Structure formats: C-alpha cells, structure tokens
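J.: For reference, the structure I am asking about is given below.
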Amino acid sequence: MWIVILLVTVLCSTSLLVNAFANDWFLGQGQWQVKHIEECDKPEQYPHRIQITHRKINRTHDAFNAHILTTTEINDTFGVQLIQYKEVDGGFKLIQQIANPNLCTFGKGFAGRNIEILFEKAGIDPPDCPIPKGEYTIEDFVIDYRPIISTHLYGDFQTYTYITYKNKRGKGQWQVKHIEECEKPEQYPHRVEIARRKINRTHDAFNAHIMTTMEINDTFGVQLILYKEVDGGFKLIQQMSNPNLCTFGKSLAGRNIEMLFEKAGIDPPDCPIPAGEYTIEDFVIDYRPIMSTCLYGDFQTYIYVTYRGKRVACGRTHCRFERTREDEDDGNDEDDD
Ligand SMILES: *[C@@H]1O[C@H](CO)[C@@H](O)[C@H](O)[C@H]1NC(C)=O
Ligand SMILES: *[C@@H]1O[C@H](CO)[C@@H](O)[C@H](O)[C@H]1NC(C)=O
Ligand SMILES: *[C@@H]1O[C@H](CO)[C@@H](O)[C@H](O)[C@H]1NC(C)=O
Ligand SMILES: *[C@@H]1O[C@H](CO)[C@@H](O)[C@H](O)[C@H]1NC(C)=O
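Quick note on numbering: the sequence shown equals residues -20 to -1, 1 to 317 in mature numbering (1 follows the signal peptide of the UniProt record, and there is no 0).
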C-alpha cells in the first residue's frame, strides 16, 4: 500500500520540487494553527478511514471530533508519511516529505502530550500504543499547539498524512558505495572534495578536503533528498530538512561525527567548526549507529548544507541498504563473496 501511494504522489509532484527550493525561503519561530482537517481525495481507496470534523473555539484554539474504525490493532508495524505543500502564488508547491516507520513514536515526537490526551479522550487505556482494533469516537478534542515543532517556514500549508503498513522495509545495514560532489559544484560557495577507498567487504575509507571561509555553527542547516533505484531509474522517496546541521549529523551518524572531527583536528571535536582548511585521511565509517530500519535497496542521496535559506554546499552518495549478514546466514559462517 505504502509504495503505491508514494509513487503516485511522487510522480505528480517531482517537477515542482526544484523550483520550491530555489527560492530564498526563511525559517523562523512561530505557531501552528490547523485550519481544516479532512479525508483525502478518494478516501475509499484506503482500508482504514478516519472521519474528522472541526469547530473553531476562539482565535487560537479549535476543537475536533473524530470517528475512527480500525479492523486491526495499530502498533509499531504502522508507519507514517507526511507530505507538505506550501501555498505559493495561489498554488501549492511540495516542500517537504517526511516518513517514519513508527507511527506512534513519530506522533509523540511531533505532537507531544496531544497524543496522550487524544488517546484518553478516545478511551484507550493505557493512553498509548498499541491501539486495539475497534471503533473510537473522540469529541471536542482541543489541540495544544505549544509542543508542535515551531521552527518552520511561515505561510499556509497543505499536509497529507498517510498511515502506512507493511513496507518492504526492515532491519539492515547501510553501505556507502560512492560519495562525490553534486553536478555543477561550482554553483555552491563551499566545496568538499571526497575520495573513497575500499578496505574490505563491510568497510570503506574516505579522504576529504574541506575549505570553509566561514565558521560552521548552529545557523547552518541541512537538507537530505533520498532517491531509490526502481526499475533502473531513481525515484524520490524521502526528503528531510533540519535547521541545525550539527544536531542532525549527530543524530543520524552518531559517534562517526565526533571521530570525523577528531581526524580533521577539530578540538574539541564538536560544532562550531572554525573557518579554515581541513584534511581528513582514511576515515572509516562505522555503519552501526546509522539508522537501520529502511527500505532495502540502492539509494542516491543528495545532501545540501543550507545557510540562511540558501544551499551552500552539496554532496551526493550512492548507498545500499541490505539485510544484515548475521540475519541471513543464521550462524553459518560460509562466505559467498
Ligand atoms: C481559547 O480556548 C481555549 C480552550 O478552551 C482556552 O484555554 C483559551 O484560554 C481560549 N483563549 C482565548 C483567547 O479566549
Ligand atoms: C501488529 O499489528 C498487526 C496488524 O494489526 C498484527 O498483524 C501484528 O500481529 C501486531 N504485532 C504485534 C507484535 O502485536
Ligand atoms: C574490515 O575493516 C575494518 C576496519 O579496518 C575492521 O574493523 C573489520 O574487522 C574488517 N572486517 C573484515 C571482515 O575483515
Ligand atoms: C555563526 O556562523 C556565522 C557564519 O559563519 C557567523 O556569521 C555568526 O556570527 C556565527 N554565530 C555565532 C553565534 O557564533
């Protein structure tokens, strides 16, 4: 189900993507307000339905009624996909796509206490996942907007929220096949030169040369665009952005960032990175801390470093996500390389 929705959505939106990011858009602190919640177009195509009505209480608060009928238990095998469009010149442009394999964790991280309050209103006891199959009626639920992420582009948005199930995803291991500069690297004010050398079947070493004329600190953000190889071509599957490059790097790659900084001679091995020239030799990525539940396959990832809403550096990688050997071999040491 997930794949189908995704490809359809992606195919009709890809052409808008590039334009959206070429603008100088700014992030800022602010407050969300939900204007409407409704079912998507052709709701009958989805096996689960949620009917929602919305009533304004006052300028800052709205109340929602919902009726949910689920024929299966909702647990950690359900994921979520969020596609966000921003109103621009009277139309809507795709600006962000977020997917998370765990609906419950994502909901709590995103909407905080609201989820618990919602579950209480629905009579789910304890107010947490898993949600037993059944029929739930929620009346006069008032969203508390305070815990909802508050650094974002300003404007009006249309967000499609898909609940996903049975993705062809699972536990596994990443492997970086290539890292290189993006097409037309001269368009970016910062450049990173990277070369890769294979050590053995599971490890590679990278050399990098980075020259930055500015201090790299919390004002730098990151944008990641992930394409998956499908039928010989690459299809957009996920787009993530984070206003803080350093925090994002550490959450995605864990200890690798600290080791990379140490190799580069950055002392202490943390952000901010002073302006200067850095040479990194024979850096071996430890793939273990890198998020390990994903779709299996080959990916092309574009990584953009952003500063004040503009892309200032770009790198791309070709990676593969595979089932871990240990799982496959099941204790059998035979090496079929
Ligand atoms: C709006 O309604 C909410 C929920 O009933 C209430 O907590 C809040 O104080 C109200 N705000 C105003 C400005 O009336
Ligand atoms: C999770 O939910 C699915 C679908 O409702 C169900 O088939 C599966 O057994 C559940 N898994 C666990 C661990 O309860
Ligand atoms: C591959 O190289 C890494 C880094 O040198 C090492 O830790 C690992 O044990 C090696 N693995 C194999 C299978 O040789
Ligand atoms: C962060 O980095 C930018 C660009 O290098 C610089 O202009 C700014 O002063 C730095 N901010 C802090 C708080 O150091």
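Even for Gly, the Cβ is constructed at its ideal location relative to N, Cα and C. Quantities reported herein were computed from a predicted structural model and do not represent experimental measurements.
Beta carbon of Val264: closer than 6 Å to some heavy atom of ligand 3?
T.: For this step, residue 264 is matched to residue 284 along the sequence shown. Yes - ligand 3 has a heavy atom lying nearer than 6 Å to the Cβ of Val264.
J.: Could you tell me the distance, in whole angstroms, from the CA atom of Met213 to the CA atom of Leu49?
T.: Against the sequence shown, residue 213 aligns to sequence position 233. Against the sequence shown, residue 49 aligns to sequence position 69. According to the sequence shown, residue 213 is Gly rather than Met. Taking the straight line from one Cα to the other gives about 38 Å.
J.: Taking the C-alpha atoms as reference points, what is the distance between Tyr140 and Asp105?
T.: Within the sequence shown, the letter at position 160 stands for residue 140. Within the sequence shown, the letter at position 125 stands for residue 105. Tyr140 and Asp105: Cα-Cα distance of roughly 28 Å.
J.: Could you compute how far the alpha carbon of Asp21 sits from the alpha carbon of Thr193?
T.: Taking the sequence shown and counting its residues from 1, the one referred to as residue 21 is at position 41. Taking the sequence shown and counting its residues from 1, the one referred to as residue 193 is at position 213. Rounded to whole angstroms, Asp21 to Thr193 spans 49 Å at the Cα level.
J.: Just to confirm the assignment, what range does the beta strand (DSSP E) spanning Ile237 have?
T.: Against the sequence shown, residue 237 aligns to sequence position 257. Segment Arg235 to Lys243 is the alpha helix (DSSP H) holding Ile237; no beta strand (DSSP E) there.
J.: Looking at the structure shown, is Ile97 part of a helix, part of a strand, or coil, going by DSSP?
T.: Mapped onto the sequence shown, residue 97 falls at position 117. Looking at Ile97 - three-state DSSP - the assignment turns out to be helix.
J.: So what does DSSP say about Arg300, is it helix, strand or coil?
T.: Here residue 300 is taken as the residue at index 320 of the sequence shown, counted from 1. Correct three-state label for Arg300: strand.
J.: Looking at ligand 4, does it come within less than 6 Å of Asn197, judged from the CB to the closest heavy atom?
T.: Along the sequence shown, read from residue 1 onward, the residue named residue 197 stands at position 217. At least one heavy atom of ligand 4 is nearer than 6 Å to the Cβ of Asn197, so yes.
J.: Taking Cβ positions, are Thr297 and Ile159 nearer each other than 7 Å?
T.: The residue labelled residue 297 in the question sits at position 317 within the sequence shown. The residue labelled residue 159 in the question sits at position 179 within the sequence shown. Going by C-beta atoms, Thr297 is nearer than 7 Å to Ile159.
J.: Restricting to runs no shorter than 3 residues, where is the beta strand (DSSP E) found entirely within the segment 113 to 197?
T.: As far as the segment 113 to 197 is concerned, its whole beta strand (DSSP E) runs of at least 3 residues are 114 to 122, 131 to 133, 137 to 145, 149 to 151, 153 to 161, 171 to 178 and 184 to 192.
J.: Does the segment 106 to 119 come into contact with the segment 37 to 53, if we say contact requires no fewer than three beta-carbon pairs (one atom in each stretch) closer than 8 Å?
T.: Taking 8 Å as the limit for Cβ pairs, the verdict is that the segment 37 to 53 does touch the segment 106 to 119.
J.: Reducing DSSP to helix, strand and coil, say where Gly103 ends up.
T.: As a working mapping, residue 103 is identified with position 123 in the sequence shown. Note: Gly103 maps to coil in three-state DSSP.
J.: So, do the segment 224 to 237 and the segment 197 to 214 have three or more beta carbon pairs nearer to each other than 8 Å?
T.: A contact exists between the segment 224 to 237 and the segment 197 to 214.
J.: Less than 6 Å between C-beta atoms, sequence neighbours within five positions excluded: which residues of the same chain meet that for Ile217?
T.: Counting from 1 along the sequence shown, the entry for residue 217 is found at position 237. Only Leu206 and Lys208 meet the Cβ criterion.
J.: Pull up the distance between the alpha-carbon of Pro254 and that of Gln280, whole angstroms please.
T.: By one-based count along the sequence shown, residue 254 stands at place 274. By one-based count along the sequence shown, residue 280 stands at place 300. Straight-line Cα distance between these residues: approximately 30 Å.
J.: Is Met194 near ligand 4, judged by its Cβ being under 6 Å from some heavy atom?
T.: Here the question's residue 194 lines up with position 214 in the sequence shown. At least one heavy atom of ligand 4 is nearer than 6 Å to the Cβ of Met194, so yes.
J.: Per the DSSP calculation, Cys294 is bridged to which residue(s)?
T.: Here residue 294 refers to the residue found at position 314 of the sequence shown. Partner(s): Tyr284.
J.: Starting from the C-beta of Val172, find all residues in its chain whose C-beta is less than 8 Å away, skip the five residues before and the five after it, and write them out in chain order.
T.: Taking the first residue of the sequence shown as position 1, residue 172 is located at position 192. Answer for Val172: Glu161, Ala188, His189, Ile190, Ala293 and Gly295, listed in chain order.
J.: Could you check whether the Cβ of Thr52 sits closer than 6 Å to any heavy atom belonging to ligand 2?
T.: One-based indexing of the sequence shown puts residue 52 at position 72. Answer for Thr52: yes, Cβ within range of ligand 2.
J.: Check for me: the beta strand (DSSP E) holding Ala79 runs from which residue to which?
T.: Walking along the sequence shown from the start, residue 79 turns up at place 99. Run containing Ala79: Gly71 to Asn80, per the beta strand (DSSP E) assignment.
J.: Nearest-angstrom Cα distance between Gln31 and Asp108?
T.: Residue numbering aside, residue 31 sits at position 51 when the sequence shown is read from its first letter. Residue numbering aside, residue 108 sits at position 128 when the sequence shown is read from its first letter. The alpha-carbon atoms of Gln31 and Asp108 are separated by roughly 21 Å.
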